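S.K.: Here you go, one structure.
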Amino acid sequence: MPEIPVWQASEEQLSNPQYLELAKQQMRELIEQYGNHPSVFAWSVLNESAAGSPGGIQFFRDMRDYIKSLDPGTPRHAGRRQSAEAEARRRNPRPTTPTSS
């Protein structure tokens, strides 16, 4: 799955109009270069970024719509980074405490 270099982007970056325009330019070039390649099954919009934040959600929606205008038949994908709290819970689960009867 080809992807543009939007990796570990913060909400501040994803909310920046210049960042969005650069991402659109890179995606257009990627689709022009690899759009008919038989192994392309989806376009990756971003990876391990703040996709769940308000700025990230809008970035994904804008990119999704832009990609659909260029290549309506290929799915779009975004890999989102977990919140710091969710990541901390995953790494350090709470120990279970026995209950007394």
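The opening residue of the sequence shown carries number 1 in this note's numbering; numbering runs sequentially from there.
Glycine included, each C-beta is placed from N, C-alpha and C at the ideal position.
Just so it is clear, the structure is predicted and the values come from calculations on it, not from any experiment.
Who are the near neighbours of Leu-20 in its chain, counting only those whose CB is closer than 7 Å to its CB and skipping five residues on each side?
M.R.: Same-chain partners within the cutoff: Phe-59, Asp-62.
S.K.: For Glu-12, which residues of its own chain have a beta-carbon under 8 Å away from its beta-carbon, when the five flanking residues on both sides are left out?
M.R.: Gly-55
S.K.: Starting from the Cα of Lys-68, find the closest Cα among Leu-46, Gly-52, Gln-33, Met-27 and give me that residue.
M.R.: Answer by Cα proximity: Met-27.
S.K.: Going by Cα to Cα distance, which pick from Ser-49, Glu-32, Ala-23 is closest to Ser-10?
M.R.: Ser-49
S.K.: How would you call Trp-43, buried or exposed, if buried means at least 16 neighbouring beta carbons within 10 angstroms?
M.R.: buried
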